[in-house]
Each structure stands twice: as C-alpha cells, then as structure tokens.
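Engineer: Sequential numbering of the sequence shown, starting at 3, is according to my numbering.
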Amino acid sequence: MLSKFTINQRMIILVALAGSVAGLIALTLWTQQPDMQVLFTNLSSEDAAAIIDKLKETKVPYEITGGGSTVLVPSEQVHDLRLQLATQGLPHGGGVGFEIFDRTSIGMSEFVQKLNYRRALQGELARTIAQMPEVERARVHLALPERRLFASEQEKARGSVILSLRNGQQLSQAQVQGVIHLVSSSVEGLQARDVTIVDGHGRMLSATMTDETAGLSNTQLDYQRSIEKDVETRIQTMLERIVGPNKAVVRVSSVVDFRKVETTEERYDPNSQVVRSEQRGQEKANGTNGVGGGVPGVQSNVPQGTEQEPAQTSSNNSQTKNETVNYEISRTVSKIVEPVGLIKQLSVAVLVDGMYEPVKAGEGEATDASATARKYLPRSEEDLKRIEDIVKKAMGFSAERQDQVQVVNVQFGTGPDEAQGMVAEAESEGRTAWLPYLRYGVGLILFAVIFLFVVRPLLAMLGSTTEQMHSEASASALPGGMGMGQRHWPMLRIMRRSSTWPERTLIRRRSW
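1) Measure the C-alpha to C-alpha separation of leucine 348 and proline 93 and round it to an integer number of angstroms.
2) Can you tell which of Ser174, Ile66, Arg333 has its C-alpha closest to the C-alpha of tyrosine 270?
3) Excluding the 5 residues preceding and the 5 following valine 409 in the sequence, name in chain order all residues of the same chain whose CB lies nearer than 7 Å to its CB.
4) Along the chain, where does the beta strand (DSSP E) containing tyrosine 378 start, and where does it finish?
5) Inspect the beta-carbon positions of valine 142 and valine 163 and report whether they are closer than 9 Å.
6) Starting from glycine 246, trace the beta strand (DSSP E) in both directions and tell me its first and last residue.
7) For glutamate 268, I'd like the list of residues in its chain whose CB is within less than 6 Å of its CB, leaving aside the five on either flank, ordered along the chain.
8) Pair every Cβ in the stretch 257 to 264 with every Cβ in the stretch 340 to 347, then say whether three or more of these pairs are closer than 8 Å.
9) Return the chain-ordered list of same chain residues with a C-beta closer than 6 Å to the C-beta of aspartate 224, the five sequence neighbours on each side being excluded.
10) Looking at the structure shown, is leucine 192 part of a helix, part of a strand, or coil, going by DSSP?
11) Count the other CB atoms within 10 Å of the CB of phenylalanine 455; is the residue buried (16 or more) or exposed (fewer)?
12) Which ranges does the alpha helix (DSSP H) cover as unbroken runs of at least 4 residues, wholly within the stretch 86 to 136, from first to last along the chain?
13) Could you tell me whether the stretch 66 to 78 touches the stretch 105 to 125, where touching means 3 or more Cβ pairs closer than 8 Å?
14) Use the C-beta contact count for leucine 144: other C-beta atoms within 10 angstroms, 16 or more gives buried, fewer gives exposed.
15) Let's test the definition: count the other Cβ atoms within 10 Å of the Cβ of alanine 1 and tell me whether it reaches 16, buried, or not, exposed.
16) Spell out the partners DSSP gives valine 409 in its beta bridges.
17) Considering only the beta carbon of each residue, do leucine 74 and leucine 41 sit closer than 9 Å?
18) Going by DSSP, which residues form a beta bridge with isoleucine 338?
19) Comparing alpha-carbon positions, which option in Val327, Arg253, His183, Ile199 lies nearest glutamine 193?
20) If you draw a straight line from the alpha carbon of isoleucine 229 to that of serine 256, how long is it in whole angstroms?
21) According to DSSP, is leucine 446 part of a helix, a strand, or is it coil?
22) From glutamate 383 to isoleucine 244, what distance separates their C-alpha atoms?
23) Measuring only the C-alpha atoms, how far is asparagine 273 from glutamate 325?
24) With glycine 191 and alanine 159 assumed to form a contact (beta carbons below 8 Å), what rounded beta-carbon distance in angstroms separates them?
25) Can you tell me the Cα-Cα spacing of glycine 366 and glycine 356, whole angstroms?
26) For asparagine 328, which residues does DSSP report across the bridge?
27) Restricting to Cα atoms, I'd like to know which of Ser47, Leu45, Glu78, Glu48 is closest to methionine 38.
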C-alpha cells in the first residue's frame with residue numbers, strides 16, 4: 003500500500019504516525035503519573051542523602067528539587083513515610099547531636115571534648131524545639147563559661163534561640179515561655195531570664211523576666227482568657243440558634259482574683275459545755291476560848307482584895323466546804339484556703355443584628371439591585387429582654403459579684419465590597435475544587451486534537467489510495483487493459499504528482 007506513495011509522502015506518514023504514538027504514550031504516562039507532594043524541605047545534604055537511601059530501600063518513587071534540599075513523594079504516602087522516617091530519627095535537623103561521641107579518637111584534647119559537648123547540646127535542643135508544628139527550623143547558641151574557683155568570679159551561662167516559623171504561624175507567649183524553660187532546664191547553671199528568643203526576622207519573642215514573674219503572669223493571663231473564651235462560646239452558640247449565624251457578636255471581660263488567701267478561725271459554743279474535772283473538799287474546826295477576870299491592875303492582884311466574878315468561856319466551831327468544777331467549752335478551729343483564680347466579676351456585651359423582610363419594588367429605601375429587597379427592622383424591647391435573660395443564664399449571672407450584661411440592637415453592615423469578596427472567595431473555592439480534574443481534561447483535548455488533525459487525515463489518505471488501486475486493477479482486467487494500463491501508468495503518476503507539487507511536475511513534463 004505504501005508503495006503507491008512517493009518517498010516524501012512516506013516520510014510524512016511515518017513521522018505523523020510516530021508523533022501520534024509518542025504523544026499518546028506521553029499523554030498516558032502523564033495522566034498516570036502520581037501526584038507528588040513535599041515530604042521534607044530545607045534539608046541538609048546529610049539528611050537528604052539519608053532520606054533518599056531509605057526511599058530507595060523501600061522502593062518509593064521520589065523527586066528532588068530546590069537544589070537537593072526538598073524531597074517529593076507521592077501524596078498518598080506522605081504521612082506514612084514521615085512516621086516511618088521519624089522512627090529512624092530522620093531528619094536529624096541539620097545539626098549534630100550526641101551521636102558525635104560515637105566516633106571519638108584517643109588523642110582528643112579536653113578543649114575539643116568541651117567543644118563537641120556544647121555542639122551536641124545545641125544540636126539536641128534545636129532538634130527538640132523543631133518538633134513544634136509552628137517551627138520550621140531552630141538554632142540554639144549556648145555560652146558556657148569556665149568554672150571558677152571562687153563563686154564571686156563565676157560568670158553566668160547564657161543562651162539564645164533563633165526560630166524560623168512556618169508561613170502564617172506564630173507562637174503564643176505560653177509557647178515562648180515553654181521554649182525558655184526547656185532550654186534553661188537542659189543546661190546546667192542557665193537561668194530562664196538569661197535565655198533570649200528571636201524569630202527569623204530578628205524580632206524579640208521573649209521579654210525580660212525575674213525569677214518571681216517568670217511564667218506566672220502569662221499563666222494567669224491565659225487562664226483569664228480561657229474563662230472569657232469559654233463564656234463567649236457558650237453565649238455565641240446559644241444566640242446563633244435564636245437569631246441566626248453571623249447575627250450576634252459577644253465579648254466578655256472578666257476580673258479574676260489570683261490572691262492566695264488562707265484563713266484560720268476559732269469558734270466557741272457556750273451552750274455546749276462538758277465537765278472536764280471536778281474537785282470537792284470539806285474542813286471542820288472545834289475549840290474553846292477563855293474570857294479575862296476583870297480589869298487588870300493592883301486591886302485585882304492584891305490578895306483579899308475585892309472579890310471578882312468567875313471567868314467566862316466560849317466555844318468556836320467552824321465548817322468549810324470547797325468544790326471546784328472545770329467545764330470544757332466546745333471549740334472549733336477551721337483553716338480555710340480560698341481557691342486561686344476566683345472570678346470576681348463578669349461583664350458581657352452583646353451586639354445583635356435586627357430582622358430583615360423582603361420588600362417589593364418601590365417600597366422602602368432600597369433602590370439598588372444588590373439591596374433588592376431587604377428592609378431592616380429593629381428588634382423590639384421584648385426581644386432584647388428575652389435575649390438578655392438568655393445571656394444571663396448562659397454566663398451564670400451573679401448579682402453578688404455585680405455582673406454586668408448589656409444587649410444592644412444594631413444593624414450589621416454588609417456593603418457591596420464585602421459581598422463581592424464573599425462571591426470571589428466562593429468562586430476561588432470552586433476553581434480549586436476542579437484543579438484535580440484539569441489534568442484529565444487537558445489529556446482528552448490533546449487526544450482529540452491528535453485524532454482530528456493527524457490520525458483522521460492519514461486514514462482519509464489511505465482510503466483514497468486504496469480506491470485508486472481498486473480502479474486501476476479493474477481497468478487492467480478489461481480486454482486490452484493490461485497494455486493500456488502499462489502504457490498510461492507513467493502518465494497517471496505524473497497527474498497525481500501534479501496535484502501535489504505543481505512546480506516539480508511542470509519541470510518533469512518539459513523534460514519528458
């Protein structure tokens with residue numbers, strides 16, 4: 003069949019067929035190529051080499067980009083490979099750790115040993131800090147002074163940490179304090195106030211602290227914010243069920259008492275008495291007392307003087323009773339420790355959007371097509387009172403704490419710019435959803451182009467050649483046709499070529 007074509011036509015047909023087959027093969031391979039995603043980025047040459055060796059052992063396809071610092075693997079295997087490599091300690095993080103002491107030499111000096119220890123400690127701390135999801139890379143520098151004989155001459159140890167954060171990520175103050183205490187607790191003699199943390203842009207992340215305030219104020223602030231966030235969430239979720247989503251804004255402010263108060267009380271109950279001890283005693287005394295015989299003097303003492311009356315006597319009897327009773331009064335001793343972080347007051351502010359009703363053309367103030375037909379209606383006082391009661395129930399309102407609640411009805415603004423932004427965001431999300439199917443669509447289009455502009459013309463050309471061969475064969479089968487066909491065969495070839503290359507055919511006609 004190809005013998006009926008010229009050499010140039012044969013070359014064109016072969017090249018077209020080869021290009022079509024190659025295009026179909028490339029298209030098939032491209033559509034079947036796995037979706038590659040990033041396994042690790044910013045790898046050192048040692049880590050990249052170790053990871054590639056592990057991927058070769060497990061026969062996982064991979065790609066290397068970024069000058070050898072980024073490794074790509076199929077998207078469905080990214081998480082599994084990260085876990086498998088993490089169990090083997092990969093990547094190391096670009097710094098040397100305590101594995102540096104696995105290879106030691108006998109002639110190593112004391113200075114080199116101390117230097118290697120500091121390098122290992124810095125590397126291990128950097129690896130630990132880099133495990134945080136917000137941190138992409140970490141680098142630690144330690145200044146460890148020599149030990150002095152006298153404590154007054156001893157210099158302080160200092161440390162600094164530089165953190166390269168991932169795109170759009172930030173560290174909270176609690177996380178920064180955690181990094182500070184991690185470094186200070188891992189290095190002997192290093193205090194938390196002597197650790198400095200900066201980000202990749204040189205901005206200070208750690209503030210100057212004292213031993214008493216290190217971590218304490220941030221913990222209190224986080225606790226206070228958690229209380230406010232919890233109350234906001236409870237109120238917000240409840241109001242959205244009533245007024246609708248994005249129709250209410252809640253803000254909570256709290257006053258928290260972080261004082262630690264211990265109280266000791268002693269109470270006595272006089273109505274509750276118990277005899278503790280009792281003592282009774284009795285004393286009796288019997289005696290006689292004589293009375294004098296007259297007035298003392300010469301006359302009473304002279305014999306045969308005036309006769310005196312006889313002397314008188316008296317008895318002395320006494321009796322004493324003693325009784326002592328000791329009572330024990332009921333005594334209660336109480337030690338009261340008030341909880342730290344007690345809520346002293348809550349203040350809640352709530353903004354509630356009004357209601358909207360559709361209006362017809364000509365009614366209300368809406369003249370724009372975007373505002374068609376939504377008329378704002380403020381909420382009644384009964385609705386606001388009902389919402390206020392709901393807020394009080396949700397927040398745990400207490401009159402003793404003097405809690406405050408204020409509910410205000412305002413119209414939420416939804417301008418044209420905001421509406422256009424929402425539409426653009428929805429359109430971008432729709433476009434992103436179709437990206438995985440774009441590959442197959444492009445493949446189908448390329449296949450259709452090859453079929454319409456390459457394969458189909460070739461099939462038409464081959465079909466016309468076959469019909470011509472059949473016509474010549476039938477002509478040669480007639481009486482005298484063999485001679486006529488052979489005689490006019492060069493002329494037929496010239497006529498066919500003249501339709502393709504007129505200039506060349508003209509030259510050959512003249513020569514023939």
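Note that beta-carbon positions come from the ideal geometry of N, C-alpha and C, so glycine has one too.
Structural biologist: The short version:
1) Taking the first residue of the sequence shown as 1, we reach residue 348 at position 346. Taking the first residue of the sequence shown as 1, we reach residue 93 at position 91. Their Cα atoms are separated by approximately 49 Å.
2) Residue 270 sits at position 268 when you count from the first residue of the sequence shown. Out of Ser174, Ile66, Arg333, Arg333 has the C-alpha closest to the C-alpha of tyrosine 270.
3) Taking the first residue of the sequence shown as position 1, residue 409 is located at position 407. Cβ neighbours of valine 409 beyond the five flanking positions: Val352, Val354, Leu386, Ile389, Glu390, Val393.
4) Working through the sequence shown from its first residue, we reach residue 378 at position 376. From DSSP, the beta strand (DSSP E) with tyrosine 378 extends over 376 to 379.
5) Here the question's residue 142 lines up with position 140 in the sequence shown. Here the question's residue 163 lines up with position 161 in the sequence shown. In this structure, valine 163 lies closer than 9 Å to valine 142 by Cβ.
6) Residue 246 sits at position 244 when you count from the first residue of the sequence shown. That residue, glycine 246, is in no beta strand (DSSP E); it is neither H nor E in DSSP.
7) The residue given as residue 268 occupies position 266 in the sequence shown. So the qualifying residues of the chain are Val335.
8) yes
9) Taking the first residue of the sequence shown as 1, we reach residue 224 at position 222. The answer, listed in chain order, is Ala176.
10) Here the question's residue 192 lines up with position 190 in the sequence shown. Coil.
11) As a position in the sequence shown, residue 455 is number 453, starting the count at 1. Exposed, by the Cβ-count rule.
12) 112 to 132
13) no
14) Locating residue 144 in the sequence shown gives position 142, where the first residue counts as 1. Its Cβ being crowded by 16 or more others within 10 Å, leucine 144 is buried.
15) Beyond the ends of the chain as shown, which are 3 and 514, falls residue 1; an answer cannot be given.
16) On the sequence shown, residue 409 is found 407 positions in, with the first residue counted as 1. Answer is Val352.
17) Walking along the sequence shown from the start, residue 74 turns up at place 72. Walking along the sequence shown from the start, residue 41 turns up at place 39. A contact, by the Cβ cut-off of 9 Å.
18) For the purposes of this step, residue 338 is identified with residue 336 of the sequence shown, where counting begins at 1. DSSP lists Thr265 as partners of isoleucine 338.
19) Along the sequence shown, one-based indexing puts residue 193 at 191. Residue His183 is the option with its Cα nearest to glutamine 193.
20) Numbered from 1 along the sequence shown, position 227 holds the residue referred to as residue 229. Numbered from 1 along the sequence shown, position 254 holds the residue referred to as residue 256. Going from the Cα of isoleucine 229 to the Cα of serine 256 covers about 8 Å.
21) Counted from its first residue, the sequence shown places residue 446 at position 444. If DSSP states are grouped into helix, strand and coil, leucine 446 belongs with the helices.
22) What you label residue 383 is simply residue 381 of the sequence shown in a count that begins at 1. What you label residue 244 is simply residue 242 of the sequence shown in a count that begins at 1. When rounded, the distance between both Cα atoms is 16 Å.
23) The residue labelled residue 273 in the question sits at position 271 within the sequence shown. The residue labelled residue 325 in the question sits at position 323 within the sequence shown. Cα to Cα, asparagine 273 sits roughly 22 Å from glutamate 325.
24) Position 189 of the sequence shown, counting from 1, holds the residue named residue 191. Position 157 of the sequence shown, counting from 1, holds the residue named residue 159. At roughly 5 Å, the Cβ-Cβ gap stays under 8 Å, so glycine 191 and alanine 159 are in contact.
25) Sequence index remark: in the sequence shown, residue 366 carries index 364 (1-based). Sequence index remark: in the sequence shown, residue 356 carries index 354 (1-based). A caution first: glycine 366 carries a pLDDT of 47, below 50, which makes its placement in the model unreliable, though a value can still be read off. Spanning the two alpha carbons is a distance of roughly 16 Å.
26) Numbered from 1 along the sequence shown, position 326 holds the residue referred to as residue 328. Note: asparagine 328 sits in a beta bridge opposite Ser279.
27) One-based indexing of the sequence shown puts residue 38 at position 36. Of the candidates Ser47, Leu45, Glu78, Glu48, the one whose C-alpha sits nearest the C-alpha of methionine 38 is Glu78.
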